[in-house]
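Trainee: Input: one structure, supplied below.
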Amino acid sequence: MDKLSQQHIEALEFVNELSKIVISSPDISKMCAGLASELSKKMPVEWASIVSIKGEDLYFQSLSSKIESVWKTGNAVPLKGTATEYVAITKQILYEPDISQQRKFWTGEYHSKQGIRSIVYAPLLAEDRVFGSLVIASTRPDAYGERELTLLYHATSQIAMPVKNAILLGEIKKREQLLESISNLTKIILSDVSLDNVYHIFSEELKKMVEFDRLSIALIEGDNIRYFAVAQEIKTERIPGSTYPLKDSNTGQVAEHQKTLIVEDLAQQQISHIDKLKFEEGIRSSIHVPLFYKGKVFGTINLSSIRPKAYGEWEKEILEHLVSQIAGAIMNARLYEQIHEESRLDALTELFNRRHFNERLDEEIDRRERHGGAFSLAICDLDFFKRYNDRYGHIAGDELLREIGRLIKNSVRTVDISFRYGGDEFVVLLPDTELEDAFSVVERVRKNIEEEMEKRNILLTASFGLASWPMDGVRSSEVLDVADAAAFEAKRRGGNQCISSKILKLPQTETEVKDEKTIVNIIWSLITALEARDTYTHGHSREVNKYALILGEAIGLSQEESIHLSRAALLHDVGKIGIKNGILSKKGRLTEEEWKRMKEHSQKSVEIINSIPDFYHCRRAILHHHERWDGTGYPSGLTGKEIPLEARILAIADAFSAMVLARPYRPAMSYQEALLELKREAGKQFDSELVEAFVAKFKELKIIV
């Protein structure tokens with residue numbers, strides 16, 4: 001037998017062995033491994049793969065490699081510009097003897113980086129059409145000669161059809177597994193009306209089919225998207241409930257074009273601001289599949305990976321098939337969430353309601369009992385809301401409550417939760433917050449309400465009571481009682497302030513509580529009656545109260561003295577109720593007779609409160625607040641320290657308030673101008689020491705702007 005015949009027999013035997021491997025292999029992966037093993041007996045094989053052509057993509061059906069590979073089984077790459085595209089056109093074996101010296105195709109760059117030097121692409125033909133290729137490679141240059149290429153040519157012509165059948169069978173099995181997995185995922189989603197209860201299980205099952213490092217469902221709500229659910233291994237600020245603008249987002253792109261969006265590499269392609277954030281978090285690629293309901297996109301399912309080009313046509317097909325099955329269930333879960341949310345919301349203000357507050361308060365206490373820490377809560381009671389409601393009607397009152405709710409929600413931190421407690425009362429829950437830090441937050445809320453209402457020329461402020469757990473009690477009722485008592489104390493001191501439980505002095509008996517509430521109700525009723533008469537001085541009494549307490553604090557008045565001073569400040573002009581409207585509302589200068597009547601208001605104020613024993617300590621301050629240091633005041637012409645201290649304080653507070661409030665006959669002074677005027681009158685109209693203390697306190701508080 002000659003040498004040529006012997007080689008021919010060996011080739012036939014070799015091809016026969018390869019055919020046996022192909023026919024006996026249970027799947028394409030085992031087939032590729034067996035082919036690589038058998039081929040390595042005749043030629044060097046450090047890397048082998050079977051790739052197939054599908055549309056414009058090239059799929060790695062299987063890989064067998066002794067070296068690290070860029071691509072993995074199941075990956076897809078664009079067909080264009082590859083060696084397999086070339087052999088599909090020529091139907092001939094392609095051999096590149098040394099890709100480190102000469103590369104014809106873009107894939108060669110990736111092979112070269114892994115150490116491959118020579119590579120062969122053998123076409124797989126069925127019905128005279130190339131459906132893929134068998135690729136073998138070596139780390140040695142010029143690893144294959146004519147003998148090896150001839151063997152590969154004969155081998156691929158024999159094994160092509162069994163390989164194609166194995167690929168088709170693999171796809172059928174894969175689709176059967178896919179349908180079964182999708183069926184299981186659909187059952188998981190449908191098993192509970194609340195997606196929150198099954199989302200973790202759903203994400204774990206989905207990960208068995210498609211790899212991801214983050215999974216989210218984004219729903220379209222007007223001009224925004226809201227993250228309905230998030231499962232992640234990489235931390236992100238996009239948590240369930242967070243919202244972002246729809247415009248220029250990936251979900252917006254999907255909704256506009258109504259088709260799946262694949263972002264192959266965020267290092268090169270960043271569609272939206274969110275993409276930039278994801279890239280900073282380590283994400284490189286993502287896929288966004290539309291959720292349809294009645295022909296309209298209402299959201300997207302989003303998968304992200306830390307690998308570039310992690311998603312292709314196969315993942316797209318899986319997810320689109322899955323989404324078509326579960327979109328209705330997600331819509332139902334969304335509707336359920338909305339209904340559940342609405343049951344927790346106050347219909348008027350859209351803040352959480354009292355029922356949900358009670359639930360959250362109990363949850364917060366349970367959490368703190370298990371893990372330690374503290375939290376605070378603030379009760380807000382609006383000042384003068386009833387008067388506003390009575391004057392302008394319930395529709396205007398409701399609109400004002402909505403605005404207050406918006407102000408509170410926008411003024412607190414993102415971690416804080418706002419509730420409408422009932423009527424004109426609100427509550428803010430401040431998790432993981434000690435009393436001092438909570439006070440700063442609540443003060444910001446109070447000031448924002450005060451400033452906004454001043455801009456709108458609305459006579460309305462807010463009184464806050466602040467308490468904390470566990471310092472003020474370990475049961476919810478105990479903490480609430482302390483916060484409520486603190487809010488009442490703020491009201492008692494004239495309103496428009498926050499009282500912390502640290503400085504709260506609670507009445508000792510139930511009778512004292514009732515008596516205090518009666519007194520406060522009387523004060524507010526008298527102020528309301530006064531301001532209903534004197535339309536040009538709305539808020540003046542409360543402003544005098546504020547400035548009087550600032551000065552009282554500056555000179556170190558006790559808590560009890562401050563309470564008496566506060567009551568006197570609030571009631572100092574209540575006698576104007578008895579002054580004729582023509583005098584009160586006159587825009588020009590008063591006549592001598594009219595001025596005489598006006599000066600009677602301090603005595604009338606005392607007459608009004610005289611019958612109320614609890615206001616005994618206020619009478620001298622109210623009666624003498626128009627006395628002057630130089631003795632030219634009224635009603636008694638007292639001089640210097642003959643004038644009661646509280647009256648001297650009120651004189652300064654009253655004058656300062658009058659100067660910084662605009663009147664029909666003159667504009668308001670600035671704080672600086674008013675303080676200069678006080679200094680000019682020190683020693684004449686006012687007590688010099690008190691003026692000095694008042695100015696110093698203003699500078700300390702940085703009120704002058």
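In our numbering, the protein residues as written are 1 to 705. Ideal placement from N, C-alpha and C gives every residue a C-beta, glycine not left out. Remember, predicted model here, so these are calculated numbers, not experimental data.
(1) Any idea what DSSP makes of Q559, helix, strand or coil?
(2) Do V427 and D416 have their C-beta atoms closer together than 8 Å?
(3) Taking only three categories from DSSP, how would you classify L18?
(4) Distance, Cα to Cα, L319 vs V289?
(5) If you reduce the DSSP assignment to three classes, tell me which class Y547 lands in.
(6) What did DSSP end up calling W314 once you bin it into helix, strand or coil?
(7) Taking a contact to mean a Cβ-Cβ separation below 8 Å, would you say S566 touches N545 in this structure?
(8) Measure the alpha-carbon distance for T73 versus Q61 and round it to whole angstroms.
(9) Taking 8 Å as the cut-off, decide whether the C-beta atoms of N353 and R420 are in contact.
(10) Alpha carbon to alpha carbon, how far is E436 from S286?
(11) Which of helix, strand or coil does DSSP assign to R402?
(12) On the three-pair Cβ rule with 8 Å, is the segment 117-128 touching the segment 136-144?
(13) How far does the alpha helix (DSSP H) with T107 in it extend, from its first residue to its last?
(14) Do you know whose CA, among S477, N389 and R444, lies nearest S411's CA?
(15) If you check the beta carbons only, do D381 and D346 fall under 8 Å apart?
(16) Quick one, are the C-beta atoms of H601 and K641 less than 8 Å apart?
(17) Could you give the C-beta distance for S501 and V474, rounded to a whole number, given that I count them as a contact under 8 Å?
(18) With distances taken between CB atoms, is the gap from I136 to L266 smaller than 8 Å?
(19) For a test of the three-state rule: what should DSSP assign to V513, helix, strand or coil?
(20) With the cut-off set at 8 Å, would you say D432 and F375 are in Cβ contact?
(21) In the structure shown, what three-state DSSP assignment does W629 receive?
(22) In this structure, what does DSSP give as the bridge partners for R103?
(23) Quick check: what's the CA-CA separation for R103 versus K207?
(24) Is it buried or exposed for E315, if we count other Cβ within 10 angstroms and need 16 for buried?
(25) List the residues that DSSP assigns as beta-bridge partners of S49.
(26) Taking A487 as the reference, which of G465, E478, W469 and R493 has the closest Cα?
(27) Measure the CB-CB distance between S216 and N302 and report whether it falls below 8 Å.
(28) Assuming S605 and I622 are in contact, meaning their beta carbons sit under 8 Å apart, how far apart are those beta carbons, in whole angstroms?
(29) Candidates L79, L377 and S133: which alpha carbon is nearest Y95's?
(30) Ignoring anything shorter than 3 residues or poking outside the segment 234-301, list the beta strand (DSSP E) runs there in chain order.
(31) Under a Cβ-count criterion, where at least 16 other Cβ atoms within 10 Å of its own Cβ denotes burial, should N16 be classed as buried or exposed?
Mentor: The short version:
(1) Q559 falls in the helix class under three-state DSSP.
(2) Between V427 and D416, the gap from beta carbon to beta carbon reaches 8 Å or more.
(3) Assigned with DSSP and collapsed to three states, L18 falls in helix.
(4) Whole-angstrom Cα-Cα distance: 7 Å.
(5) In this structure, DSSP gives Y547 a helical state, which the three-state scheme calls helix.
(6) Judged by DSSP in its simplified three-state form, W314 adopts helix.
(7) Yes.
(8) T73 and Q61: Cα-Cα distance of roughly 6 Å.
(9) Yes, Cβ-Cβ distance for N353 and R420 is below 8 Å.
(10) When rounded, the distance between both Cα atoms is 44 Å.
(11) Residue state, collapsed to three classes: helix.
(12) At 8 Å Cβ cutoff, the stretches touch.
(13) Here the alpha helix (DSSP H) through T107 covers T107 to K113.
(14) Ranking S477, N389 and R444 by CA distance to the CA of S411 puts R444 first.
(15) Contact check for D381 against D346 fails: the beta carbons are separated by 8 Å or more.
(16) No, these two residues do not count as a Cβ contact at 8 Å.
(17) That pair is no contact at about 14 Å.
(18) Not closer than 8 Å, so no.
(19) Interpretation of V513 is limited by its pLDDT of 43, a score under 50 that renders its predicted location unreliable; no figure is taken from the coordinates.
(20) A contact, by the Cβ cut-off of 8 Å.
(21) It is coil, neither helix nor strand.
(22) None; R103 has no bridge partner.
(23) One alpha carbon belongs to R103, the other to K207, and they sit about 37 Å apart.
(24) E315 comes out buried.
(25) According to DSSP, S49 bridges with L63 and V135.
(26) Here the closest residue by C-alpha is G465.
(27) Here S216 is near N302, since their CB atoms are less than 8 Å apart.
(28) Correct: roughly 5 Å between the Cβ atoms.
(29) Per the Cα distances, S133.
(30) Runs of the beta strand (DSSP E) inside the segment 234-301: 243-245, 261-263 and 285-293.
(31) N16 is exposed by the Cβ-count criterion.
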